[in-house]
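Single-structure report; data block below.
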Amino acid sequence: MSTATENRGQFGSKLGFILSAAGSAVGLGNIWKFPGKAYNCGGGAFLVIYILMVALIGTTVMLAEFTLGRKTQKNAIASFRELNAKWSWAGGLGVLTGFIILCYYCQVGGWTIKYIVGYITESATIYADPMNYFLTMLGANGFPLQGAIIYPLIFLLLTAFIISRGVAEGIEKMSKVLMPLLFILLIGLMIRACTLPGADVGLKYMLTFDASTINGNAFLVALGQAFFSLSLGMGVMITYASYLSKDDNLVSNTGIICVLDTCVALFAGFMIIPAVFATGIAPGMGGGFAFATLAGVFQAIPGGTIFGLLFYFLLFFAAVTSSTSILEGTVAFLTEEKGWERKKTLVIVSIVLFIIGIFYTFSQAGFMDIKGIWVSKNGVEFPIFGDFLEYLTDRLLLPLGAFFTTVFVGWVWGVDNAVKEATSDGKFSFALAPLWKVLLKIVAPICIIVIIIAGMVLGMSIS
Ligand code: TRP
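Residue numbers (the working numbering): 4 to 466.
Put into structure tokens, the structure is as follows:
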């Protein structure tokens, strides 16, 4: 068994950290989840709520996680424990959340590989019936060997391989190349989508503020999505910041990463929604937008197959830089807390999460209906296992994790200590510090709790 210090890498450069943290933030959440949620929760109004959530609560929590991680130079649990021994469970909650997310994240990551291969080898089949292709991958027409087993396994093995090589070697090098590439590709695709004939209807939908669509559910969806998209609420950013030194400006890093991540989500929204309207594809299924619905879009534009291929490469890259960050959180915990050997940890964790994850895909298109896990107040049966996993993380565990982080940093460790850490003991200026203190101690925790409860009570629909 090696010691904790030997296990810990360091970021080679400042840019390396920004790209890695942004790489963690930018992922399937931005491109696969966000457009569907924006569509289901009212378009323009949702965008406003989402941006509000990121600006007020997301940035607040991210800076709190950064200060915790760099202060202690430890994984999430050890960070909490070092500052107050009674609080290590709060970090443990995050490890659990990450594990659950990873179960389905690797499945969807696998789908992106399936689509890369699909666009190379059988684009005609995809175009012939995009919805059927998507649903077949999920098991609607028989055992989903590729969608649930082979491709997710490849995705998981890749994630584990990168993690096994350590932070600086694996994640950082990859992010440096992939993040800028991703950004450029997305802007190109967005411009193409928005200039399609008929795209204006979708654009209008995304730009119209319809207050009637706003309810407690929309707030909870936006909040959960913000945490998911920014990689908050489970200690990933604590772990990442633990590799930083006092020379790094946490405040500006927070700003850069939040802006980058939100831009990517908005680009994806303004790529997918207008394109969906332009090609007249039934926009019923939020979660399938990035797969089933887009296929018809690529078919409709000149050179679409190339765009399709690029798009799924992009989505895959984004997913890998995120999945590595989640797995790193779990692995850092087990190696540093429990003294497990790194390779063995990776193997065990991967096997367990893969087995659970299979059922996510199984449950998507009815190959295996795992119902009845949760029955809502109105007697409406909770739809499927996969939605249950997402519901659990996005609407409950991530917001709760973020809530405990704000309470811990704001009240237990103390907001003044946190400001001291955020500015590297006064080395960097932080003009908004007074505002951050109020947000951290009062606004964020209250909003999070109120939104969790209001969202649960007012709307049981999943979107
Ligand atoms: N933010 C990533 C995405 O948008 C997913 C992710 C990576 C994540 N690390 C996380 C979500 C930590 C929550 C917590 O796809």
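Using N, Cα and C, we set each Cβ at its ideal position, and we do this for glycine too. It should be emphasised that the depicted structure is a prediction, and the values quoted were computed from it without experimental measurement.
Cβ-Cβ distance between residue i and residue j below 9 Å
i, j, result
"Thr162", "Leu330", "yes"
"Asn474", "Val254", "The question about residue 474 has no answer, for the chain in this structure spans 4 to 466."
"Ala322", "Thr242", "no"
"Ser91", "Phe102", "no"
"Ile60", "Thr396", "no"
"Gly121", "Ala151", "no"
"Leu189", "Phe270", "yes"
"Gly404", "Phe230", "yes"
"Gly46", "Thr211", "yes"
"Ser178", "Thr324", "yes"
"Gly389", "Tyr107", "yes"
"Pro133", "Gly236", "no"
"Val460", "Lys440", "no"
"Met65", "Leu233", "yes"
"Pro277", "Ala196", "yes"
"Gln110", "Tyr363", "yes"
"Glu85", "Thr75", "yes"
"Thr408", "Lys444", "no"
"Ala28", "Ile260", "yes"
"Gly332", "Gly97", "yes"
"Val267", "Ile34", "yes"
"Phe357", "Leu156", "yes"
"Val300", "Gly291", "no"
"Leu199", "Leu313", "no"
"Gly219", "Ala41", "no"
"Pro437", "Ile275", "no"
"Pro147", "Ala368", "yes"
"Leu50", "Gly272", "yes"
"Asp251", "Arg73", "yes"
"Ala469", "Asn256", "Lying before the first or after the last residue shown, residue 469 is absent from the chain, which here runs from 4 to 466."
Residue burial classification, residue i (beta-carbon count within 10 angstroms, cutoff 16)
i, result
"Lys77", "buried"
"Asn381", "Note on Asn381: pLDDT 45, under 50, position unreliable in the model; the coordinate value appears next. By the neighbour-count rule (16 or more Cβ atoms within 10 Å), Asn381 is not buried but exposed."
"Ser379", "Residue placement at Ser379 is flagged as unreliable, the pLDDT there being 45, under the threshold of 50; the coordinate-derived value follows with that caveat. So Ser379 ends up on the exposed side."
"Asp264", "buried"
"Phe294", "buried"
"Glu344", "exposed"
"Val279", "buried"
"Leu226", "buried"
"Leu181", "buried"
"Val1", "Any answer about residue 1 is impossible in this case: the structure gives the chain only from 4 up to 466."
"Ser432", "exposed"
"Glu9", "Note on Glu9: pLDDT 41, under 50, position unreliable in the model; no value is reported."
"Gly347", "Here the sequence assigns Lys to residue 347, which means Gly is not the residue at that position. It is exposed - the Cβ of Lys347 has fewer than 16 other Cβ atoms within 10 Å."
"Leu349", "buried"
"Gly142", "buried"
"Glu340", "buried"
"Ala447", "buried"
"Leu337", "buried"
"Lys89", "exposed"
"Asn144", "exposed"
"Trp414", "exposed"
"Ser366", "buried"
"Leu18", "exposed"
"Ala79", "buried"
"Val412", "buried"
"Ile166", "buried"
Any C-beta of chain D under 9 Å from that of residue i
i, result
"Gly72", "The question asks about chain D, but that chain is absent: this structure has only one protein chain."
Any non-hydrogen atom of the ligand TRP closer than 8 Å to residue i Cβ
i, result
"Tyr108", "yes"
"Ser82", "no"
"Asn256", "no"
"Leu269", "no"
"Ile54", "no"
"Asn33", "yes"
"Ile153", "no"
"Val120", "no"
"Ala229", "no"
"Ile260", "no"
"Met237", "yes"
"Lys74", "no"
"Ile329", "yes"
"Gly113", "no"
"Ala1", "This structure does not reach residue 1, given that the chain is present from 4 up to 466, and the question cannot be answered."
"Thr162", "no"
"Ala93", "no"
"Gly360", "no"
Starting from the N-terminal side, write out each stretch of the alpha helix (DSSP H) that is 4 residues or longer and does not extend beyond the region 21-69. 37-43 and 47-56
Entirely within the region 407-438 and at least 4 residues each: give me those alpha helix (DSSP H) ranges in chain order. 418-425
Along the chain, which unbroken stretches of the beta strand (DSSP E) at least 3 residues long are found entirely within the region 139-200? none
In chain order, which alpha helix (DSSP H) runs of at least 4 residues are fully inside the region 107-143? 126-131 and 133-141
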